[in-house]
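*Asks:* The structure is given below, and queries will be raised subsequently.
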Amino acid sequence: MRSSPIAHSQGLTSWRFCYMEELRRPAQAAFASKETPQRGLRRNEMKAKKTLSTLIATIGLPLMICGASAAKVFAAAADSLDQLYEKAKKEGKVTLYAPLSPQTMQVLPAAFMKRFPGITVDHVDATSDKLIARVQAEQRGGRVIADVISGALTYLPQILDLKIVEQVVIPEAAAYPSQLKGDLWVATDTQYYIAGWNTNLVKKGEEPKTYEDLANPKWKNNIMGEPRDYQVLVGFAKRKYNNDEKAVDLFKRIAANQVEFHRGHSQLTEFLMAGQRAICFTCYSHHFPSRVKKGAPIQPLMVEGVGEVGGSVMVMKGAPHPNAALLWVRWAVSEEGQKVYAQAGETPAHPRVEPLEKIRPVTPYMLSIDDVKEFPRYEKTWKEIFSIR
């Protein structure tokens with residue numbers, strides 16, 4: 000049985016190596032015999048190829064010729080977390096490349112090391128684009144340092160296109176909806192774009208009930224947002240209306256109310272608190288609870304919102320600590336690990352784990368990785384609608 004939990008691409012490498020060995024052996028035998036090398040090579044090469052074809056037809060590629068079967072390669076993934084821990088403990092550490100919030104950095108690694116003593120978490124923190132660049136530079140130097148890499152929705156296609164992550168079996172991801180997992184990745188946390196208002200400026204009973212209400216002319220010169228949040232347009236077009244024209248029409252009517260834009264979601268929420276404008280239409284839902292608890296005069300619209308993957312986990316190809324890498328990934332997406340994400344103030348991706356605060360909209364329009372390829376088109380339309388340069 001292979002000790003590595005990494006999926007079948009290693010098995011394919013093993014098969015290729017064994018096949019070449021089968022070709023080399025007849026060639027060596029030919030040179031040692033009285034036959035001419037060329038004749039011996041051709042004869043034995045044809046024999047090897049015929050044998051290979053028979054094997055493939057009989058047992059199929061996934062079973063491999065001189066290595067463990069795919070089932071054996073995946074065997075570690077069928078272990079319980081505690082069984083996998085015993086293997087990971089021998090490796091002693093896991094290196095995590097992930098952009099985490101300061102609070103999550105404090106909570107998550109500590110919880111993992113407490114749950115699995117003897118395994119140290121080395122966390123490298125940076126933005127997703129910088130982590131990807133770092134991995135590429137390391138690979139050009141012939142090194143793999145990271146065991147696990149994380150990325151938000153926008154960066155997932157880039158990571159997958161680089162073919163730097165392995166396919167592994169993650170039983171804990173079975174409960175996740177399709178928008179929050181793929182063959183090579185699983186989401187760990189999510190984030191939501193919602194509307195909200197200043198309670199000092201919006202009278203009780205006049206609050207917007209849906210995004211359509213924001214098109215009412217009474218909100219002219221009273222709405223603000225983040226200029227880069229074209230994901231909101233994507234969510235409405237793809238999930239709410241399933242129709243681009245309807246979504247574009249709505250946001251054109253909202254734009255007619257002279258929307259003011261400010262970069263940075265934290266700053267946007269602060270401006271809302273200060274009463275710079277009455278309504279924000281692209282705020283982050285997780286920015287409301289802590290401020291409301293402190294007495295800020297703001298209220299979120301939780302009826303609907305657009306959601307996306309905020310973070311994910313993937314096992315690196317050639318991970319130096321493969322068992323520890325798989326342990327981190329499986330624990331992170333399990334209900335147990337997701338509760339730790341909630342304790343850190345994140346919005347867990349697991350559908351059965353609730354965040355500490357009410358920050359999931361009642362009706363979330365979740366974006367998927369397949370939507371990302373269309374982001375440039377929607378971004379262009381978004382900028383045209385709101386005259387953003």
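Numbering follows numbering that gives the first Met the number 0, in which position 184 of the sequence shown is assigned residue number 183; successive positions increment by one, without gaps.
Think of the CB as a built atom: it goes at the ideal place given N, C-alpha and C, for glycine as much as any other residue.
Have a look at 159, 323, 376 and flag the residue whose alpha-carbon is nearest the alpha-carbon of residue 118.
*Replies:* The count along the sequence shown starts at 1 and reaches residue 118 at position 119. The residue with the shortest Cα to Cα distance from residue 118 is 323.
*Asks:* Kindly list the residues whose CB is nearer than 7 Å to the CB of residue 231, restricted to its own chain and excluding five residues on each side of it in sequence; keep chain order.
*Replies:* Within the sequence shown, numbered from 1, the residue matching residue 231 stands at position 232. Cβ within range, chain order: 192, 281, 305.
*Asks:* Could you please give me the residues that DSSP links to residue 196 through a beta bridge?
*Replies:* Taking the first residue of the sequence shown as 1, we reach residue 196 at position 197. According to DSSP, residue 196 bridges with 278, 298.
*Asks:* Go ahead and label residue 375 buried or exposed: buried means 16 or more other beta carbons lie within 10 angstroms of its beta carbon, across all protein chains shown.
*Replies:* Position 376 of the sequence shown, counted from the first residue, corresponds to residue 375. Residue 375 is exposed by the Cβ-count criterion.
*Asks:* Going along the chain, which unbroken runs of the alpha helix (DSSP H) with 4 or more residues stay wholly within the segment 101-150?
*Replies:* Counting only runs of 4 or more, we get 101-114, 127-139.
*Asks:* Helix, strand or coil: which one does DSSP assign to residue 81?
*Replies:* Mapped onto the sequence shown, residue 81 falls at position 82. In this structure, residue 81 counts as helix in the three-state DSSP scheme.
*Asks:* Under 7 Å Cβ to Cβ from residue 27, same chain only, skipping five residues before and after it: list those, please.
*Replies:* The count along the sequence shown starts at 1 and reaches residue 27 at position 28. Because residue 27 sits at a pLDDT of 42, beneath the cut-off of 50, its placement in the model cannot be relied upon, and the following sentence gives the value as read from the coordinates. Closer than 7 Å at Cβ, skipping near neighbours: no residue.
*Asks:* Considering Cα atoms alone, identify which of 279, 221, 268, 161 is closest to residue 289.
*Replies:* To locate residue 289, count along the sequence shown from 1; it is residue 290. Of the listed residues, the one whose Cα sits closest to residue 289 is 268.
*Asks:* Whose C-beta lies closer than 8 Å to the C-beta of residue 91 among residues of the same chain, with five residues either side of it excluded?
*Replies:* Locating residue 91 in the sequence shown gives position 92, where the first residue counts as 1. Within the same chain, residue 91 has close Cβ partners 117, 118, 119, 320, 323.
*Asks:* Can you give me the C-alpha to C-alpha distance between residue 326 and residue 93, rounded to a whole angstrom?
*Replies:* Indexing the sequence shown from 1 puts residue 326 at position 327. Indexing the sequence shown from 1 puts residue 93 at position 94. If I take the Cα positions, the gap works out to 9 Å.
*Asks:* Enumerate, from N- to C-terminal direction, the unbroken beta strand (DSSP E) stretches of 3 or more residues contained entirely within the segment 233-286.
*Replies:* 278-283, all fully within the segment 233-286.
*Asks:* Put residue 368 into one of helix, strand or coil per three-state DSSP.
*Replies:* In the sequence shown, counting from the first residue as 1, residue 368 sits at position 369. It is helical.
*Asks:* Looking at the strands, I want to know which residues DSSP matches up with residue 185.
*Replies:* Within the sequence shown, the letter at position 186 stands for residue 185. 180, 312.
*Asks:* So residue 222 is in the beta strand (DSSP E); what residue range does that whole segment cover?
*Replies:* Position 223 of the sequence shown, counted from the first residue, corresponds to residue 222. Taken as a continuous stretch (DSSP letters only), the beta strand (DSSP E) holding residue 222 covers 222-224.
*Asks:* Taking residue 249 as the reference, give the member of 87, 385, 102 with the closest Cα.
*Replies:* The residue labelled residue 249 in the question sits at position 250 within the sequence shown. Considering only alpha carbons, the answer is 385.
*Asks:* With DSSP run on the structure shown, which of helix, strand or coil describes residue 354?
*Replies:* Mapped onto the sequence shown, residue 354 falls at position 355. Residue state, collapsed to three classes: coil.
*Asks:* Please go through the same chain and pick out, in chain order, the residues whose beta-carbon is closer than 8 Å to the beta-carbon of residue 112, but skip the five residues on each side of it.
*Replies:* Translated into the one-based positions of the sequence shown, residue 112 becomes position 113. Excluding positions up to five away in sequence, the list reads 118, 119, 120.
*Asks:* Any idea what DSSP makes of residue 380, helix, strand or coil?
*Replies:* Sequence index remark: in the sequence shown, residue 380 carries index 381 (1-based). The answer is helix: DSSP assigns residue 380 an H, G or I state.
*Asks:* Relative to the C-alpha of residue 368, which residue among 178, 169, 141, 124 is closest?
*Replies:* Residue mapping note: residue 368 aligns to position 369 of the sequence shown, counting from 1. The shortest C-alpha separation from residue 368 is found at 178.
*Asks:* Please state whether DSSP places residue 347 in a helix, a strand or coil.
*Replies:* Stepping through the sequence shown from its first residue, residue 347 is reached at position 348. Correct three-state label for residue 347: strand.
*Asks:* Please classify residue 149: is it buried, with 16 or more other beta-carbons within 10 angstroms of its beta-carbon, or exposed?
*Replies:* Locating residue 149 in the sequence shown gives position 150, counting from the first residue. Residue 149 comes out buried.
*Asks:* Using DSSP with H/G/I as helix, E/B as strand and the rest coil, what is residue 166?
*Replies:* If you number the sequence shown from 1, residue 166 lands on position 167. Three-state DSSP puts residue 166 in coil, outside helix and strand.
*Asks:* Are residue 308 and residue 151 closer than 8 Å when you measure CB to CB?
*Replies:* In the sequence shown, residue 308 corresponds to position 309, counting from 1. In the sequence shown, residue 151 corresponds to position 152, counting from 1. Going by C-beta atoms, residue 308 is nearer than 8 Å to residue 151.
*Asks:* If we count the other Cβ atoms within 10 Å of its Cβ and call it buried at 16 or more, is residue 108 buried or exposed?
*Replies:* As a first step, residue 108 is located in the sequence shown; it is residue number 109 there, counting from the start. Result: buried.
*Asks:* Using alpha carbons as the reference points, say which of 81, 147, 346, 142 lies closest to residue 95.
*Replies:* Here residue 95 corresponds to residue number 96 of the sequence shown, with the count starting at 1. Among 81, 147, 346, 142, the Cα nearest to that of residue 95 belongs to 147.
*Asks:* Count the other C-beta atoms from every protein chain shown that fall within 10 angstroms of the C-beta of residue 125, then say buried if there are 16 or more, exposed otherwise.
*Replies:* Start at 1 with the first residue of the sequence shown, and residue 125 comes out as number 126. Exposed.
*Asks:* Going by the CB atoms, is the gap between residue 255 and residue 103 shorter than 8 Å?
*Replies:* On the sequence shown, position 104 is the one that residue 103 refers to. On the sequence shown, position 256 is the one that residue 255 refers to. Cβ distance not < 8 Å, so residue 103 and residue 255 don't count as in contact.
*Asks:* Distance, Cα to Cα, residue 205 vs residue 297?
*Replies:* Translated into the one-based positions of the sequence shown, residue 205 becomes position 206. Translated into the one-based positions of the sequence shown, residue 297 becomes position 298. The alpha-carbon atoms of residue 205 and residue 297 are separated by roughly 14 Å.
*Asks:* Could you tell me the alpha carbon to alpha carbon distance between residue 76 and residue 163, rounded to whole angstroms?
*Replies:* Indexing the sequence shown from 1 puts residue 76 at position 77. Indexing the sequence shown from 1 puts residue 163 at position 164. Annotation note: pLDDT 49 at residue 76 (below 50); position unreliable, coordinate value reported separately. Roughly 19 Å between the two C-alpha positions.
*Asks:* When the distance is taken between beta carbons, is residue 303 closer than 8 Å to residue 360?
*Replies:* Residue mapping note: residue 360 aligns to position 361 of the sequence shown, counting from 1. Residue mapping note: residue 303 aligns to position 304 of the sequence shown, counting from 1. Yes, they are a contact pair.
*Asks:* Straight-line CA distance for residue 271 to residue 99?
*Replies:* As a first step, residue 271 is located in the sequence shown; it is residue number 272 there, counting from the start. As a first step, residue 99 is located in the sequence shown; it is residue number 100 there, counting from the start. So the alpha carbons of these two residues sit roughly 26 Å apart.
*Asks:* Let me know the secondary structure DSSP gives residue 205 once reduced to three states.
*Replies:* Counted from its first residue, the sequence shown places residue 205 at position 206. Looking at residue 205 - three-state DSSP - the assignment turns out to be coil, as it is neither helix nor strand.
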